[in-house]
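Report on one structure; see the data block that follows.
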Amino acid sequence: MTTLNLSIFPSVKISSSASIPGFIKIQPFLLRRKLSTVLSVTARDEGIIHNHFNFTSYMIGKANAVNEALDSAVSLREPIKIHEAIRYSLLAGGKRVRPVLCIAACELVGGEESVALPAACAVEMIHTMSLIHDDLPCMDNDDLRRGKPTNHKVFGEDVAVLAGDALISFAFEHLATSTAVSTARVVRAIGELAKAIGSKGLVAGQVVDLTSGGMDQNDVGLEVLEFIHVHKTAVLLEAATVLGAIVGGGSDEEVEKLRRFARCIGLLFQVVDDILDVTKSSEELGKTAGKDLIADKLTYPKLMGLEKSKDFADKLLSDAHEQLHGFDSSRVKPLLALANYIAKRQN
218 MTTLNLSIFP SVKISSSASI PGFIKIQPFL LRRKLSTVLS VTARDEGIIH
268 NHFNFTSYMI GKANAVNEAL DSAVSLREPI KIHEAIRYSL LAGGKRVRPV
318 LCIAACELVG GEESVALPAA CAVEMIHTMS LIHDDLPCMD NDDLRRGKPT
368 NHKVFGEDVA VLAGDALISF AFEHLATSTA VSTARVVRAI GELAKAIGSK
418 GLVAGQVVDL TSGGMDQNDV GLEVLEFIHV HKTAVLLEAA TVLGAIVGGG
468 SDEEVEKLRR FARCIGLLFQ VVDDILDVTK SSEELGKTAG KDLIADKLTY
518 PKLMGLEKSK DFADKLLSDA HEQLHGFDSS RVKPLLALAN YIAKRQN
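Numbering (the working numbering), first residue to last: 218 to 564.
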């Protein structure tokens, strides 16, 4: 799962505890370098994205809105220890790709940012839970996340497990009580998110990932690898996009088109992640580089080779673009740019 090196961002402390980061106010000149590649690929988008759309500013604005909403949703309160651990990981920065996808999908079908924010925060809470649990010694056993020690390294394994568990509860509570749309839409959104994180989603992907490590690649084909990545990574990007479309009032046809778009970019996200894992350093990634190779895990470069993996990423990007045909040409720009960003990111 991809992270951003927090060291490039200033943090503003708002609690009395030195170990708790307040929300990160991302400054334009700091994030601009990370997104500059996206702004240079407009020619590939068949004229759909125009130069006057400033994707960097869009990402900064939406990420700041999400950070403030997360900070407000999960305040520092008793028991202090567990809320410190939650806030340590939840407010540790990151690009906020999933919540921005949620907001962009909502706006695409005619909704407002304020309507999408609770769902966007819920998805980010689930994503943070998955990172905390993924990093545990019994899972991926990682020491570095977003350029910082992982949650269990700071708070201990027991508290890290509980912090992740609490984030699941927070996510559904926030989605159920803070979303200002019809009950039917809220219930539908809750069902989508629940399916995404259970034994048909994140859990399924993690189990197959754990049990396939070290297996002979002749015994494990690309279909198994795709199952892992669709369920472990793509499913949450899909949920983020679908939730945005649902709370934004999208039609069934619009929701399903956006679901297919998100499935493409979700798989693309992981293919690029696998490529970066073998082509970038830990300092560049903000997490441990080469850990999949060391753990003998299945990856696209391992099964397909690096060049074919890059070709597959290009095809997924093209397929994602196709799913957005027919939407309003102005409102669709953020999602097209997000797809390009996922394809071209360097960490």
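Virtual Cβ for every residue (Gly too), placed ideally from N, Cα, C. Here the structure is a predicted model, which is why all the values come from computation and not from measurement.
Cβ contact annotation for residue 270 (same chain, cutoff 6 angstroms, sequence separation greater than five): 550, in chain order.
Bridge pairing for residue 361: 366 [DSSP]. Around the beta carbon of residue 526, 16 or more other beta carbons lie within 10 angstroms, which makes this residue buried. A distance below 7 angstroms between beta-carbons, with the five flanking residues on each side excluded, links residue 379 to the following residues of its chain, in chain order: 299. Beta-carbon to beta-carbon, residue 464 and residue 398 are separated by about 5 angstroms, close enough to satisfy the 8 angstroms threshold.
Just measuring C-alpha positions, the residue of 370, 460, 366 sitting nearest residue 404 is 460.
If the five residues before and after residue 530 are omitted, its C-beta is found closer than 8 angstroms to the C-beta atoms of 485, 488, 489, 492, 560, all from its own chain and listed in chain order. Counting C-beta atoms within 10 angstroms of its own C-beta, residue 469 has fewer than 16 neighbours from the protein chains shown and is therefore classed as exposed. CA-to-CA, the gap between residue 338 and residue 391 works out to about 8 angstroms.
Taking the C-beta atoms as reference points, residue 315 is found nearer than 8 angstroms to residue 453.
Annotated as proximal: residue 541 and residue 478, with beta-carbon spacing under 8 angstroms. The DSSP-derived three-state label of residue 528 is helix.
The three-state reading of DSSP puts residue 281 in helix, counting H, G and I together.
For residue 485, the secondary structure class from DSSP, reduced to helix, strand or coil, is helix. Beyond the five residues adjoining it in sequence on each side, residue 381 comes within less than 6 angstroms, by CB distance, of 346, 349, 350 in the same chain, given in chain order. In this structure, residue 365 keeps its C-beta atom at 8 angstroms or more from the C-beta atom of residue 320.
In the three-state reduction of the DSSP assignment, residue 352 falls in the coil class, being assigned neither a helical nor a strand state. Counting only unbroken stretches of 4 or more residues, the alpha helix (DSSP H) elements lying wholly within the segment 398-457 are 400-414, 419-429, 439-446, in sequence order. Note on residue 417: under 16 other CB atoms within 10 angstroms of its CB, so exposed under the neighbour-count rule. In this structure, residue 515 places its C-beta atom within 8 angstroms of the C-beta atom of residue 442. Taking residue 335 as the centre and dropping the five residues before and after it, the same chain places the C-beta of 391, 392, 395, 396 closer than 7 angstroms to its C-beta, in chain order. The C-alpha of residue 293 is placed about 11 angstroms away from the C-alpha of residue 305.
Nearest C-alpha to residue 311 among 283, 387, 553, 423: 283.
The alpha-carbon of residue 451 is positioned some 29 angstroms away from that of residue 373. In this chain, the alpha helix (DSSP H) harbouring residue 387 covers 374-395. Collapsing the DSSP output to three states places residue 272 in a helix. The beta carbon of residue 455 is closer than 8 angstroms to those of 413, 476, 479, 480, 483 in its chain, skipping five residues each way along the sequence.
In the DSSP assignment, residue 557 falls within the unbroken alpha helix (DSSP H) covering 550-561.
The Cβ-Cβ distance between residue 340 and residue 462 does not fall below 8 angstroms. By the neighbour-count criterion, in which a residue is buried when 16 or more other Cβ atoms sit within 10 angstroms of its Cβ, residue 323 is buried.
Here residue 415 is exposed: its Cβ has fewer than 16 other Cβ atoms, across all protein chains shown, within 10 Å. Nearest C-alpha to residue 301 among 376, 424, 357, 353: 376. Judged by DSSP in its simplified three-state form, residue 477 adopts helix.
Residue burial is scored here from C-beta neighbours: residue 297 has fewer than 16 other C-beta atoms within 10 angstroms and is therefore classed as exposed. Assignment of residue 292 by DSSP, reduced to helix, strand and coil, places it in the coil class.
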